[in-house]
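J.: Just passing along the structure, written as structure tokens.
Residue numbers (UniProt numbering): 1 to 441.
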């Protein structure tokens, strides 16, 4: 059975010129403005040799460009969603808002505002700097379980619209984004180039000490816990503040701006998800949302400024939450847009490229080739190679073989040759699944 990753893709603006981008190089910088807490001093000599995320980390350029949208950016962004006022006809809406986009009644959209804490001066969102959340997590769902191509884009449009409405920053994290940002911080946290799975397992390791263990064992356990790295939740939450530094936003205003963290396709974080199993993801991803929520509630100043929104068309994703059910207008055009998407057929190709880039980075950790960075567009692909990558989701073994054939340099000519070889190999092996002509007689 073909597994389709119907996910909303953010358009990359990353260069494919082959010239390394200095902004994408892992580095440690001076602490900037923070949400709900003081920056840890860089002069803390006690923790100098501990591989923890205690110093201010500069987020990678690909993450800021593709996953982080500041409140200023959202103000000028075209969001493919129109919240129709009562009595406004579909024809007048179409003429007022050209282009194919989702349409929603205000009564449906208003449910999202239940996450906002109401006060005497907050009946209307006139003072957007005072927006606070009374929940840490809400889930978005659509009526029934519809495995539709347009659902991820519909959810993303709603979240972007809501963030712009309340003047919030937005961070969108697919399961691939989470894996790639973990890889980035794992390389910084460990001088030995620790693998991502090992790094995150140490981040999420539970204290297994029992009452029967000796004092020596307890001392060793405390020492081991002090060496345990911290998953970069704070750096993820503060990424919009770092990006907004270049947008003339004062430190005070930046620190008070609410932040929304969106997890699209939340079912990919569940153990039963077929895509997650197919891609070989380990179990740690399934705890990311709950761990982030715990971090927010336990950190001073975060709780009422951060809202986690997860969205999915799979009903089973919401066993422990009360989902907010949303839907566009029930018209022929809107149903078609929800079920079939906007005609973008490149999602499978982009998914294969994203996984292949990750394998190349992990096989050759010292490479600084911008072509293998997350979201780097492969505009150099010819039609033959694009067809190979678009036909189906390639298996982990296939992509690993392609990565090995490309090699450390990741030259364009090697990429083209390896993909063409993979396509031809798949064609030849497929013939063995066909019934021989002799047996048909």
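The C-beta atom is built at its ideal place from N, Cα and C for all residues, glycine as well.
Can you tell me whether residue 340 is buried or exposed? The criterion is at least 16 other CB atoms within 10 Å of its CB, across all chains shown.
T.: Position 340 of the chain shown holds residue 340. Residue 340 should be labelled exposed.
J.: Quick one: what does DSSP say residue 69 is sitting in, helix, strand or coil?
T.: As a position in the chain shown, residue 69 is number 69, starting the count at 1. Strand, per DSSP.
J.: Taking the beta carbon of residue 134 as the centre, do at least 16 other beta carbons fall within 10 Å, making it buried, or is it exposed?
T.: Against the chain shown, residue 134 aligns to sequence position 134. Burial state of residue 134 is exposed, judged by a 10 Å Cβ sphere holding fewer than 16 other Cβ atoms.
J.: Residue 104 bridges to which residues according to DSSP?
T.: Sequence index remark: in the chain shown, residue 104 carries index 104 (1-based). For residue 104, which the question treats as bridged, DSSP gives the partners 83.
J.: What are the boundary residues of the alpha helix (DSSP H) that residue 204 is part of?
T.: Counted from its first residue, the chain shown places residue 204 at position 204. From DSSP, residue 204 is part of no alpha helix (DSSP H); its letter is neither H nor E.
J.: Between the C-alpha atoms of residue 240 and residue 256, what's the straight-line distance to the nearest angstrom?
T.: Residue numbering aside, residue 240 sits at position 240 when the chain shown is read from its first letter. Residue numbering aside, residue 256 sits at position 256 when the chain shown is read from its first letter. Rounded to whole angstroms, residue 240 to residue 256 spans 12 Å at the Cα level.
J.: Since residue 240 is in the alpha helix (DSSP H), which residue starts that stretch and which ends it?
T.: To locate residue 240, count along the chain shown from 1; it is residue 240. In the DSSP annotation of this structure, the continuous segment of the alpha helix (DSSP H) that includes residue 240 starts and ends at 233–244.
J.: Quick check: the Cα distance between residue 410 and residue 117, rounded to an integer number of angstroms?
T.: By one-based count along the chain shown, residue 410 stands at place 410. By one-based count along the chain shown, residue 117 stands at place 117. Each residue's alpha carbon lies about 51 Å from the other.
J.: Where do the ends of the alpha helix (DSSP H) carrying residue 152 lie?
T.: Looking up residue 152 in the chain shown gives position 152. That run of the alpha helix (DSSP H) goes 151–166.
J.: Closest to residue 415 by CA distance: which of 426, 429, 384 is it?
T.: Along the chain shown, read from residue 1 onward, the residue named residue 415 stands at position 415. Taking only the C-alpha atoms, the option nearest residue 415 is 384.
J.: Are the beta-carbon atoms of residue 259 and residue 305 separated by less than 8 Å?
T.: Mapped onto the chain shown, residue 259 falls at position 259. Mapped onto the chain shown, residue 305 falls at position 305. Yes; because the gap between Cβ atoms is below 8 Å, this pair is in contact.
J.: I need the straight-line Cα distance from residue 431 to residue 342, nearest angstrom please.
T.: Counted from its first residue, the chain shown places residue 431 at position 431. Counted from its first residue, the chain shown places residue 342 at position 342. Approximately 34 Å, taken between the alpha carbons.
J.: Report the three-state DSSP secondary structure of residue 78 (helix, strand or coil).
T.: Position 78 of the chain shown holds residue 78. Coil.
J.: Cα-Cα, which of 84, 104, 136, 59 is closest to residue 299?
T.: For this step, residue 299 is matched to residue 299 along the chain shown. Nearest option by C-alpha distance: 136.
J.: Does the beta-carbon of residue 201 have 16 or more other beta-carbons within 10 angstroms, so that it is buried, or is it exposed?
T.: Translated into positions along the chain shown, residue 201 becomes position 201. Per the 10 Å Cβ criterion, exposed.
J.: Beta carbon of residue 173, beta carbon of residue 67: below 8 Å?
T.: For the purposes of this step, residue 173 is taken as residue 173 along the chain shown, with counting starting at 1. For the purposes of this step, residue 67 is taken as residue 67 along the chain shown, with counting starting at 1. Cβ distance < 8 Å, so residue 173 and residue 67 count as in contact.
J.: Does residue 325 come out as helix, strand or coil in the three-state DSSP assignment?
T.: The count along the chain shown starts at 1 and reaches residue 325 at position 325. Residue state, collapsed to three classes: strand.
J.: Cα separation between residue 264 and residue 310?
T.: Residue numbering aside, residue 264 sits at position 264 when the chain shown is read from its first letter. Residue numbering aside, residue 310 sits at position 310 when the chain shown is read from its first letter. Distance between the alpha carbons of residue 264 and residue 310 is about 6 Å.
J.: Applying the criterion that 16 or more other CB atoms from any shown protein chain within 10 Å of the CB defines a buried residue, is residue 218 buried or exposed?
T.: Within the chain shown, residue 218 is the residue found at index 218, counting from 1. Here the model assigns residue 218 a pLDDT of 47, short of 50, so the residue's position is not dependable, and the following value carries that caveat. When all chains shown are included, residue 218 counts as exposed.
J.: From the DSSP secondary-structure annotation, give me the bridge partner or partners of residue 263.
T.: Counting from 1 along the chain shown, the entry for residue 263 is found at position 263. Answer is 310.
J.: Would you call the region 330–338 in contact with the region 358–374, where contact means no fewer than 3 C-beta pairs closer than 8 Å?
T.: no
J.: Taking a contact to mean a Cβ-Cβ separation below 8 Å, would you say residue 269 touches residue 142 in this structure?
T.: Residue 269 sits at position 269 when you count from the first residue of the chain shown. Residue 142 sits at position 142 when you count from the first residue of the chain shown. The Cβ atoms of residue 269 and residue 142 lie no closer than 8 Å to each other.
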